[in-house]
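K.L.:
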């Protein structure tokens with residue numbers, strides 16, 4: 008990436024005129040920075056490489072790549088994690104609902120770029136898992152304007168476990184049934200206020 012960045016921008020061949028025109032003589036710089044993070048579940052480890060590149064204009068551009076491996080160090084794609092294309096379609100619907108509820112205001116419903124949420128493996132290739140949820144990363148401009156930054160949409164296993172290969176979900180995971188939800192204790196503080 009670094010070599011390509013240097014070659015594409017022709018730094019070694021810049022003339023004094025180029026340097027002046029690009030503003031380099033006034034302290035302006037083209038920059039490329041990377042950061043690294045890692046997420047682990049009992050089943051998968053994901054390494055996330057985030058790059059920030061500035062070559063002029065209103066703002067920098069971002070590059071994000073994820074590298075997921077199972078416990079045998081096999082590289083995984085989203086095709087390995089979801090059951091099939093129909094499951095991906097269900098997940099895409101849940102992701103859109105999640106992004107709408109968390110980020111898009113009621114007054115700005117048209118901001119969402121729905122083409123970035125079409126259920127294709129390419130649109131959902133940036134992912135990681137924890138022990139309780141499946142996350143999808145959407146770079147700026149894929150689903151929302153640049154000002155929203157990189158989007159991390161978390162979908163709880165409670166909602167998506169039927170669409171994911173069971174080998175990636177903890178053996179101890181037990182989805183809540185409607186019966187179980189009915190039996191949950193009611194918040195005492197809420198009951199107190201209700202009785203006032």
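In our numbering, the protein residues as written are 8 to 203. All C-beta atoms, glycine included, are put in the ideal place defined by N, C-alpha and C.
Which residue comes first and which comes last in the alpha helix (DSSP H) that contains residue 104?
P.N.:
Run containing residue 104: 92 to 109, per the alpha helix (DSSP H) assignment.
K.L.:
Check whether the stretch 159 to 176 and the stretch 88 to 108 touch, using three or more Cβ-Cβ pairs below 8 Å as the test.
P.N.:
At 8 Å Cβ cutoff, the stretches touch.
K.L.:
In the DSSP assignment, find the beta strand (DSSP E) that holds residue 273 and state where it starts and stops.
P.N.:
Residue 273 lies beyond the residue range present for the chain, which begins at 8 and ends at 203; the question has no answer from this structure.
K.L.:
Determine contact between the stretch 47 to 58 and the stretch 77 to 88, defined as no fewer than three beta-carbon pairs at a distance below 8 Å.
P.N.:
Verdict: yes, contact present.
K.L.:
The alpha helix (DSSP H) with residue 87 in it runs from where to where?
P.N.:
Taken as a continuous stretch (DSSP letters only), the alpha helix (DSSP H) holding residue 87 covers 85 to 88.
K.L.:
When the distance is taken between beta carbons, is residue 162 closer than 8 Å to residue 141?
P.N.:
Yes, the pair counts as a contact, with Cβ atoms nearer than the cut-off.
K.L.:
Terminal residues of the continuous alpha helix (DSSP H) containing residue 11?
P.N.:
It spans 9 to 15 - the alpha helix (DSSP H) in which residue 11 sits, taken as one unbroken run.
K.L.:
With a cut-off of 8 Å, do at least 3 Cβ pairs link the stretch 94 to 101 to the stretch 69 to 76?
P.N.:
No: fewer than three Cβ pairs fall under 8 Å.
K.L.:
Take the Cβ of residue 123 as the centre, count every other Cβ of all protein chains shown within 10 Å, and call the residue buried at 16 or more, exposed below.
P.N.:
Buried is the call here.
K.L.:
Leaving out the 5 sequence neighbours to the left and right, which residues in its chain are closer than 8 Å to residue 21 when beta-carbon positions are compared?
P.N.:
Closer than 8 Å at the Cβ level, and outside the excluded window around residue 21, lie 29, 31.
K.L.:
For residue 61, which residues in the same chain have their Cβ closer than 7 Å to its Cβ, ignoring the five residues on either side in sequence?
P.N.:
Taken in chain order, the residues that qualify are 37, 38, 67.
K.L.:
Helix, strand or coil for residue 168? Go by DSSP, reduced to three states.
P.N.:
Here residue 168 sits in helix by DSSP.
K.L.:
Note down the Cα distance separating residue 129 from residue 17, rounded to an integer number of angstroms.
P.N.:
Distance between the alpha carbons of residue 129 and residue 17 is about 31 Å.
K.L.:
Select from 136, 126, 69, 102 the residue whose C-alpha is nearest the C-alpha of residue 147.
P.N.:
Residue 69 is the option with its Cα nearest to residue 147.
K.L.:
How big is the Cα-Cα spacing for residue 59 and residue 23?
P.N.:
Whole-angstrom Cα-Cα distance: 27 Å.
K.L.:
Could you tell me which residues DSSP puts in a beta bridge with residue 77?
P.N.:
DSSP lists 51 as partners of residue 77.
K.L.:
Among 136, 12, 79, which has the Cα closest to the Cα of residue 45?
P.N.:
It is 136.
K.L.:
Residue 63: which of 42, 34, 78, 139 sits nearest, CA to CA?
P.N.:
Of the candidates 42, 34, 78, 139, the one whose C-alpha sits nearest the C-alpha of residue 63 is 34.
K.L.:
Measure how close the beta-carbons of residue 180 and residue 160 come, nearest whole angstrom, since I'm counting them as under 8 Å.
P.N.:
About 20 Å; that fails the 8 Å criterion.
K.L.:
Residue 100: which of 126, 154, 56 sits nearest, CA to CA?
P.N.:
For the residues 126, 154, 56, the minimum Cα distance to residue 100 belongs to 126.
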